[in-house]
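Visitor: For reference, the structure I am asking about is given below.
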Amino acid sequence: MGRQPCCDKVGLKKGPWTAEEDKKLINFILTNGQCCWRAVPKLAGLLRCGKSCRLRWTNYLRPDLKRGLLSEIEEKMVIDLHAQLGNRWSKIASHLPGRTDNEIKNHWNTHIKKKLKKMGIDPLTHKPIANDVNDQSQQEQSQNQLQEAQKSCPANDTFEVEQNTPAAQAIEEEGGGDELDKMELLIDGFCTDEVPLIEPHEILVPCAPSSSSSTSSSSSSSNSASNFLEDLHLPEFEWLCDYSNNNDSIGLWDDDFSSWGQESWAYGIL
DNA sequence: AACTTCTACAACCGCAGGTCC
DNA sequence: TGGACCTGCGGTTGTAGAAGT
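So in this note's numbering, spot 109 of the first sequence is number 199, and the numbers just go up one at a time.
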């Protein structure tokens with residue numbers, strides 16, 4: 091007896107999400123909270139499987155997401171963390187507030203891998219790329235050591251970022267280690283693993299719409315997903331925002347999601 | 001201008017682990 | 001205790017836009 095598929099695939103939509111679908115999903119999650127993803131599409135009126143809804147929410151629509159390219163510091167952190175954790179993207183992501191495992195995985199595959207190879211560093215072992223057989227066996231040995239270390243590092247342990255891997259050093263030498271201390275402070279005090287799930291009634295709505303802004307965000311779907319927020323009516327929520335350390339105005343209601351999740355956002359209970 | 005190739009990233013798939021009954 | 005169900009994770013694929021020819 092095989093497992094039941096996660097969803098009845100007949101008649102279900104696949105591929106890129108439309109603004110309308112995003113709207114329905116956001117409305118539903120904000121109203122009902124995250125529960126029982128399998129039931130979400132049906133209840134939200136979406137022709138998607140629950141898995142797809144969860145992915146869309148966690149990777150794209152979640153209000154606490156940062157958008158845009160990873161900074162130098164974040165990139166360096168990813169390399170350090172990867173050296174210690176391997177391809178455990180979700181664990182790596184948990185040390186980078188506002189970043190998703192998918193985002194980090196993509197960034198690793200498209201940017202960091204190339205960068206490291208270019209520098210003569212094996213992205214798998216984080217050691218200088220070796221050419222002969224002896225070096226290869228050395229690499230295997232170090233890889234085994236790495237795996238052993240990973241085993242002995244329980245997931246919830248407080249994590250010390252190793253700054254001494256050749257790869258991380260190479261990246262640092264390229265520039266961009268300035269704010270590292272700041273970032274480490276952030277990590278010491280914050281880990282997404284520890285972030286409690288925000289219940290819908292605890293989610294706040296931006297206190298004021300504003301003109302313009304918006305930094306990044308590139309993809310067409312992100313733009314398509316953005317404008318409909320103007321149409322969202324969420325009377326029971328109020329977003330609070332702290333303008334004090336952010337010169338940009340909040341772009342949520344006019345441009346895209348790029349402002350969601352930045353430090354300037356504050357969440358609280360109404 | 002049209003076509004091809006490359007790049008970035010969103011989304012899908014299958015599996016593993018946890019929980020519940 | 002074991003099976004069913006659900007969620008989360010990691011690898012892979014698909015697609016759109018950019019860049020090159």
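Every residue gets a Cβ at the ideal spot worked out from N, C-alpha and C, and that includes glycine.
#1: Going by DSSP, what residues sit across from residue 218 in a beta bridge?
#2: For residue 219 and residue 212, which I take to be in contact (beta-carbon distance under 8 Å), what is that distance rounded to the nearest angstrom?
#3: Go through its chain and collect everything with a Cβ distance to residue 115's Cβ below 7 Å, but skip five positions before and after it.
#4: Can you tell me whether residue 173 is buried or exposed? The criterion is at least 16 other CB atoms within 10 Å of its CB, across all chains shown.
#5: For residue 132 and residue 126, I'd like the C-alpha separation in whole angstroms.
#6: Could you spell out where the alpha helix (DSSP H) holding residue 40 opens and where it closes?
#7: Tell me the rounded alpha-carbon separation between residue 48 and residue 122.
#8: Does DSSP put residue 123 in a helix, a strand or coil?
#9: Assuming residue 117 and residue 149 are in contact, meaning their beta carbons sit under 8 Å apart, how far apart are those beta carbons, in whole angstroms?
#10: With 16 other CB atoms within 10 Å as the buried threshold, where does residue 160 fall?
Guide: Let me spell this out:
#1: Partner(s): 211.
#2: About 5 Å; that satisfies the 8 Å criterion.
#3: These residues qualify, in order along the chain: 134, 136, 143, 146, 147 and 151.
#4: By the 16-neighbour rule on beta-carbons within 10 angstroms, residue 173 is buried.
#5: One Cα belongs to residue 132, the other to residue 126, and the distance between them is close to 11 Å.
#6: In the structure displayed, the chain extends from 91 to 360; residue 40 sits before or after that span and is not available.
#7: Residue 48 is absent from the model: the chain starts at 91 and stops at 360.
#8: Here residue 123 carries a coil assignment [DSSP, helix/strand/coil].
#9: Not confirmed; about 18 Å, so no contact.
#10: Residue 160 comes out buried.
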